[in-house]
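To start, the structure itself, in structure tokens.
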Amino acid sequence: GAGVSQSPRYKVAKRGQDVALRCDPISGHVSLFWYQQALGQGPEFLTYFQNEAQLDKSGLPSDRFFAERPEGSVSTLKIQRTQQEDSAVYLCASSLIRTPPPNRDRGRDEQFFGPGTRLTVL
Amino acid sequence: DAKTTQPPSMDCAEGRAANLPCNHSTISGNEYVYWYRQIHSQGPQYIIHGLKNNETNEMASLIITEDRKSSTLILPHATLRDTAVYYCIVRVVWSYGKLTFGQGTILTVHP
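Chains as they are written, first to last, in my numbering: chain C, 22 to 143; chain E, 3 to 113.
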């Protein structure tokens, strides 16, 4: 079956431009996560959705970052007035069950990641 | 979530077992150990997870010490396609679902 897809795969933006990154999670997956991965580092959490509700946005680095998932499926991460330090790979992940999971599903909330969008800000 | 410590890099010969260690000495009783890996230019991929018992699936085995302060991921017959960064993550399952990645271990499988 289809996995998590992200588009575009590569994006080059001039400093100050706005960008929008799209994530198509696996159909039926309740939870959706965005992560940012700088070169040579592990991914870092940005924000989390359970269906259409954004339950945690504590990892968003500034108010220039905004994410939405209006119908509980596709999600968009928007970055306004991009800066060079925004250059990174942006990863989207989805999981089938909600978090925290019910008792019977403890530990089964594996996340499926997309290939990422590599953003380069010049 | 507890902090994990992994060696920055390891080598393994193709066909041999790769044993990747992880230290999580501050792990608490309600935390699971998860392993993910990230092949170059791809998103991370779930491998296996466990609480206190050893676990095995089609990809790997996870050995957790009795005191739960460390674990080892075992790839029984490493192939060139197993070359990747391997992340050991400790997480309270019934808390928030986000994953906290460290630096991971770069595993290089040689012919």
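Where is the CB? At the ideal position from N, CA and C, for every residue including glycine.
Original post:
Between which two residues does the beta strand (DSSP E) harbouring alanine 74(C) extend?
Top reply: 74 to 77
Original post:
Are at least three pairs of beta-carbons, each pair with one atom in the region 33 to 49 of chain E and one in the region 129 to 141 of chain C, less than 8 Å apart?
Top reply: yes
**OP:** Measure from the alpha carbon of proline 78(E) to the alpha carbon of each residue in Val35(E), Pro113(E) and Leu64(E), then state which is nearest.
**Re:** Leu64(E)
Original post:
Per DSSP, what kind of secondary structure is glutamine 105(C) in: helix, strand or coil?
Top reply: helix
**OP:** Classify histidine 51(E) as buried or exposed, calling it buried when 16 or more other Cβ atoms lie within 10 Å of its own Cβ.
**Re:** buried
**OP:** Quick one: which residues of the region 7 to 25 of chain E get their C-beta closer than 8 Å to a C-beta of chain C? List them in chain order.
**Re:** Listed by position along the chain: nothing, the set is empty.
Original post:
So what's aspartate 45(C) in DSSP terms, helix, strand or just coil?
Top reply: strand
Subject >> Selection of the region 69 to 94 of chain E by Cβ proximity to chain C, strictly under 7 Å >> reply: Cβ contacts with chain C: Tyr89.
Original post:
Roughly how many whole angstroms lie between the Cα atoms of proline 29(C) and aspartate 39(C)?
Top reply: 14 Å
Subject >> Proximal residues to leucine 53(E) (C-beta, below 7 Å), its chain only, five neighbours per side dropped >> reply: Short of 7 Å from the beta carbon of leucine 53(E), and not among the five residues preceding or following it, lie these beta carbons of its own chain, in chain order: Tyr34.
Subject >> Uninterrupted beta strand (DSSP E) stretches inside the region 45 to 103 of chain E (no shorter than 3 residues) >> reply: 47 to 52, 63 to 66, 72 to 77 and 86 to 94
**OP:** For lysine 100(E), go through chain C and note every residue whose CB falls closer than 8 Å to its CB, in chain order.
**Re:** Phe54, Phe66, Tyr69, Asp77 and Gly80
Subject >> histidine 112(E) in three-state terms, based on DSSP >> reply: strand
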